[in-house]
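*Asks:* I'd like to ask some things about the structure below.
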């Protein structure tokens, strides 16, 4: 399922959401100038590597920041154009409404906090892994968790693929995001180079944070 748009209006301009998207695109564009080997080195120097963080050891190639801070740098690095495009699409569709509900500054803290918790969820499951963890999906999962609780009745225009069946349908957000979360849980043991536990942890963190913050939602 690919979301195309939702029907929830924003009452404020999503400066932070757009800035995050722009920063991710800028970093990826920079990666493209490095070549294959340069990009690989850049990823290892900016990624969150579980072994480095749990042992506070910086293995080669040296990180651009101390290992604990790679929890932040890793959120803005992606492994390919599809990885970037998918994450930014979800952030564009769902992020503006959470920013609208929380306010710009709180949204920054919410986004970064969700990303850190998401990464730590993955690290807790694979503390000795030396594989780099990158991408904004953990932080975006937090956005999805918040949206799931704040706007369950919103309609999400969705491109659905079922074998040879392709159609565009409007799904309630509670269904779309519920199925997304269920897929993460069912896939969590499959590996495949995807940090499934980060997605699960980010979603739960976002939902928990939004229940604590309890923002007031303006209705049209």
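Numbering (our numbering), first residue to last: 49 to 268.
Note that the Cβ used here is the ideal one computed from N, Cα and C, for glycine as well.
#1: Can the beta-carbon of residue 204 be found less than 8 Å from the beta-carbon of residue 189?
#2: Would you say residue 250 and residue 166 are within 8 Å of each other, going by their C-beta atoms?
#3: Comparing C-alpha positions only, which one of 103, 253 and 76 sits nearest to residue 175?
#4: Tell me whether residue 78 is buried or exposed, calling it buried when 16 or more other Cβ atoms sit within 10 Å of its Cβ.
#5: Out of curiosity, what's the CA-to-CA distance linking residue 270 and residue 261?
#6: The ligand HEM and residue 97: does the residue's C-beta get closer than 7 Å to at least one heavy atom of that ligand?
#7: Between which residues of its own chain and residue 242 is the CB-CB distance below 8 Å, once the five residues before and five after are set aside?
#8: Would you give the residue range spanned by the beta strand (DSSP E) that residue 53 belongs to?
#9: Assess contact between the segment 133-150 and the segment 54-74, defined as three or more Cβ pairs (one per stretch) separated by less than 8 Å. Is contact present?
#10: Return the CA-CA distance between residue 150 and residue 76, expressed in angstroms with no decimal places.
#11: Who does residue 209 pair with in a DSSP beta bridge?
#12: Identify the continuous alpha helix (DSSP H) that holds residue 87 and give its terminal residues.
#13: How far does the alpha helix (DSSP H) with residue 247 in it extend, from its first residue to its last?
#14: Does residue 154 come out as helix, strand or coil in the three-state DSSP assignment?
#15: Where DSSP assigns a beta bridge to residue 164, which residues make up the other side?
#16: So does the segment 111-122 actually touch the segment 82-101, counting three or more Cβ pairs closer than 8 Å?
#17: At the level of alpha carbons, what is the spacing between residue 191 and residue 72?
#18: Bridge partners of residue 64, per DSSP?
#19: Return the CA-CA distance between residue 252 and residue 213, expressed in angstroms with no decimal places.
#20: Whose C-alpha, out of 196, 58 and 231, is nearest the C-alpha of residue 148?
#21: Taking the CB atoms as reference points, tell me whether residue 197 and residue 265 lie closer together than 8 Å.
#22: Going by DSSP, what residues sit across from residue 264 in a beta bridge?
#23: Leaving aside the five residues before and after residue 244 along the sequence, list all residues of the same chain whose C-beta is less than 6 Å from its C-beta, in chain order.
*Replies:* Judging by the given coordinates:
#1: Against a cut-off of 8 Å, the Cβ pair of residue 189 and residue 204 comes out as no contact.
#2: Against a cut-off of 8 Å, the Cβ pair of residue 166 and residue 250 comes out as a contact.
#3: Between residue 175 and the set 103, 253 and 76, the nearest pair of CA atoms involves 103.
#4: Looking at its Cβ environment, which holds fewer than 16 other Cβ atoms inside 10 Å, residue 78 is exposed.
#5: Given a span of 49 to 268 for the chain in the structure shown, any question on residue 270 remains unanswerable.
#6: As presented, the structure is devoid of all ligands, the ligand HEM included, so that no description of it is given.
#7: Beyond the five residues adjoining it in sequence on each side, residue 242 comes within less than 8 Å, by CB distance, of 235 in the same chain, given in chain order.
#8: 50-54 is the extent of the beta strand (DSSP E) around residue 53.
#9: Result yes; three or more Cβ-Cβ pairs closer than 8 Å.
#10: Using only the alpha carbons, I get a separation of about 28 Å.
#11: By DSSP's assignment, residue 209 forms a beta bridge with 214.
#12: The continuous alpha helix (DSSP H) containing residue 87 extends over residues 83-94.
#13: Counting along the chain, the alpha helix (DSSP H) containing residue 247 begins and ends at 244-261.
#14: The three-state reading of DSSP puts residue 154 in helix, counting H, G and I together.
#15: Paired residues: none, contrary to the question.
#16: Taking a cut-off of 8 Å on C-beta distances, the segment 111-122 touches the segment 82-101, as three or more cross pairs fall below it.
#17: Between residue 191 and residue 72, the C-alpha separation is close to 16 Å.
#18: BP columns for residue 64 are empty, so no partner.
#19: Taking C-alpha positions only, residue 252 is separated from residue 213 by approximately 32 Å.
#20: For the set 196, 58 and 231, the Cα lying nearest the Cα of residue 148 is the one of 58.
#21: The criterion of a C-beta distance shorter than 8 Å is not satisfied by residue 197 and residue 265.
#22: According to DSSP, residue 264 bridges with nothing at all.
#23: Cβ within range, chain order: 232, 235 and 236.
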